[in-house]
Amino acid sequence: MPPLPFTGPGILWVTSKITSPEHLSESTYLAWYDDEHIPEILTSTPVKSLFRFKNNDATADRPYLVSCPLDDIADVKTFKGLKVKFDSLPDEEGKPGGSSHDCADLDYRFYQLIQKYEPNGGEATLGKTKTIATGGFDLSETLTEQELNDWYNKEHLTLLSRVPGYLRTTRYKLLLHRTNGDTRSLKGLPTRPQDQAATENDRPPMFHAVHEFSVEEVDHEAAMKTIETEWAKKIFANAGKQEYTVYRHVKSFGDGKLFH
């Protein structure tokens, strides 16, 4: 893969869905992650921790999330040495020896870490995360990066810290986005009609926040109050592309640290 335009702390954010359930079951897919792919990453790359989550929305297009923090996001280049095909995974015809990109669709985001907000301290929150809520914003002609940062730092994060179970927030800036089709090409897998290269319309919002909570269900009313202020309403009205997702923590691997 081409060099990322940044070196320093960052995160690999992979959401996915099974596209051929007649060949690939959820249990087989997640067992591949837990028992083969993630252990290989931990032993073959500088990665020290990974986290697996599931979307709280049962109808979500991409129910699965794996996040992978790196002390230096440039170390993703070491991933090129990882296995591509596995006996445990089916190929497009359902035969053993396929790639994860045959019967599933994996979407990759590479982010630069730009902020940590830890009113409770970093180490004090380690291992307590049960839920994450993520928010994404694009800038626009009427919303600058400084205005977005000011809202987070002068209002929103303080209000969020009062929501029951709140632990901490990490914020990120998008460096690169890759579709399943992009990754198939990079790994030397055949191009298929359904494989699409990333387009501007596919690109996720530029700014991404991950809010961690120690509770399995975030108090919806309390959380909504944090975005009902006049300042918050202005941010939402002026921002470009936006997204909001809630995930349940399933499993941690390695040292369990997310820039703690």
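Going by numbering that gives the first Met the number 0, the residue at position 132 of the sequence shown is 131; the numbering climbs one at a time, nothing skipped. Beta carbons are placed, not taken as given, at the ideal position from N, Cα and C, and that holds for glycine.
Here residue 244 carries a strand assignment [DSSP, helix/strand/coil]. With respect to the 7 Å criterion, residue 211 and residue 141 are not classified as neighbours on the basis of their beta carbons. Nearest to residue 62 by C-alpha distance, out of 96, 103, 93 and 35, is 103. In the three-state scheme derived from DSSP, where H, G and I count as helix and E and B as strand, residue 219 is classed as helix. Residue 89 is bridged by DSSP to 95.
Across the structure, residue 93 and residue 22 are spaced so that their CA atoms are roughly 5 Å apart.
For the 7 Å CB-CB criterion, residue 217 and residue 105 do not form a contact. Under the three-state reduction of DSSP, residue 114 is assigned to strand. When the five nearest sequence neighbours on each side are left out, the beta carbons in the same chain lying within less than 8 Å of the beta carbon of residue 70 are those of 8, 45 and 47, in order along the chain. Looking at 202, 49 and 101, the one whose alpha-carbon comes closest to that of residue 240 is 202.
Per DSSP, residue 40 is one residue of the alpha helix (DSSP H) stretching across 37-43. Leaving aside the five residues that flank residue 110 on each side, the residues in its chain whose CB is nearer than 7 Å to its CB run, in chain order, 9, 10, 12, 171, 172, 173, 174 and 207.
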